[in-house]
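Student: Those letters in the sequence shown? Residues 6 to 139, per the working numbering, in order. The C-beta atom is built at its ideal place from N, Cα and C for all residues, glycine as well. The structure is given below, and queries will be raised subsequently.
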Amino acid sequence: MRRAESSSVPAAVVRQLPPGGPLEEQRQDSAAAEVYREVQQSAAFREIRRSYRSFVFPATGIFLGWYLLYVTAQAAAPELMRIQLLGPLSVAWLLGLLQFVSTFVITWLYSRNARTRRDRAALGLRWDTQDQLR
């Protein structure tokens, strides 16, 4: 650890510099950035990203469509939404509760998709990247 020139600066405040100095640190940062660029351009990374997008974009579109259908039905067909199904349970209540159910189902499907299709590949890519950075 380098000592401060002035005795008024506490030893705990003095910054510890890396062994090679700032220039060596910049070279290491540049090398790490190059490794990450290579990983980003790799086929494995593109496959992980493709797998993610092939699930998330359709699932988001379906959920938003389902939600907008519910909101539109509330505004455009109030008589339909008032129909009683079971006691006080109306069509509006049933569709509203199904919004929660669909949220949980999509969350479960997402976690299952991530676990079965992307996590192993991403972990392998992470280990390869860490090995290159050492």
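From A48 to D34, what does the alpha carbon distance come to, in whole angstroms?
Tutor: Here the question's residue 48 lines up with position 43 in the sequence shown. Here the question's residue 34 lines up with position 29 in the sequence shown. Each residue's Cα considered, the two are about 24 Å apart.
Student: Identify the residues that DSSP records as bridge partners of S95: which are they?
Tutor: What you label residue 95 is simply residue 90 of the sequence shown in a count that begins at 1. According to DSSP, which records beta bridges pairwise, S95 is partnered with Q89.
Student: Applying the criterion that 16 or more other CB atoms from any shown protein chain within 10 Å of the CB defines a buried residue, is I4 buried or exposed?
Tutor: With the chain running from 6 to 139 in the structure shown, residue 4 is simply not present.
Student: In three-state terms, what does DSSP make of A126?
Tutor: Counting from one through the sequence shown, the residue named residue 126 turns up at place 121. A126: helix per DSSP, three-state reduction.
Student: Return yes when the Cβ of V44 is within less than 8 Å of the Cβ of L128, no when it is not.
Tutor: Numbered from its first residue, the sequence shown carries residue 128 at position 123. Numbered from its first residue, the sequence shown carries residue 44 at position 39. It is not a contact, given that the beta carbons lie outside the stated cut-off.
Student: Pick helix, strand or coil for R131, following the three-state DSSP scheme.
Tutor: Translated into positions along the sequence shown, residue 131 becomes position 126. Correct three-state label for R131: helix.
Student: Alpha carbon to alpha carbon, what distance is there between R122 and G42?
Tutor: On the sequence shown, residue 42 is found 37 positions in, with the first residue counted as 1. On the sequence shown, residue 122 is found 117 positions in, with the first residue counted as 1. Correcting the residue type first, residue 42 is Arg in the shown sequence and not Gly. Approximately 23 Å between the Cα atoms of the pair.
Student: Would I53 be called buried (16 or more neighbouring beta carbons within 10 Å of its own) or exposed?
Tutor: Translated into positions along the sequence shown, residue 53 becomes position 48. So I53 ends up on the buried side.
Student: Taking the CB atoms as reference points, tell me whether V96 and M86 lie closer together than 8 Å.
Tutor: Here the question's residue 96 lines up with position 91 in the sequence shown. Here the question's residue 86 lines up with position 81 in the sequence shown. Cβ distance < 8 Å, so V96 and M86 count as in contact.
Student: So which of D136, S116, L102 has the shortest CA-CA distance to Y141?
Tutor: The shown model of the chain, from 6 to 139, leaves out residue 141, and the question about it has no answer.
Student: Where do the ends of the alpha helix (DSSP H) carrying T121 lie?
Tutor: The residue you call residue 121 lines up with position 116 of the sequence shown. Note, T121: premise wrong, no alpha helix (DSSP H); not H, not E.
Student: Quick one: Cα of P63 to Cα of R125, how far?
Tutor: To locate residue 63, count along the sequence shown from 1; it is residue 58. To locate residue 125, count along the sequence shown from 1; it is residue 120. Roughly 23 Å separates the two Cα atoms.
Student: Could you tell me the alpha carbon to alpha carbon distance between R139 and F50, rounded to whole angstroms?
Tutor: Walking along the sequence shown from the start, residue 139 turns up at place 134. Walking along the sequence shown from the start, residue 50 turns up at place 45. The alpha-carbon atoms of R139 and F50 are separated by roughly 20 Å.
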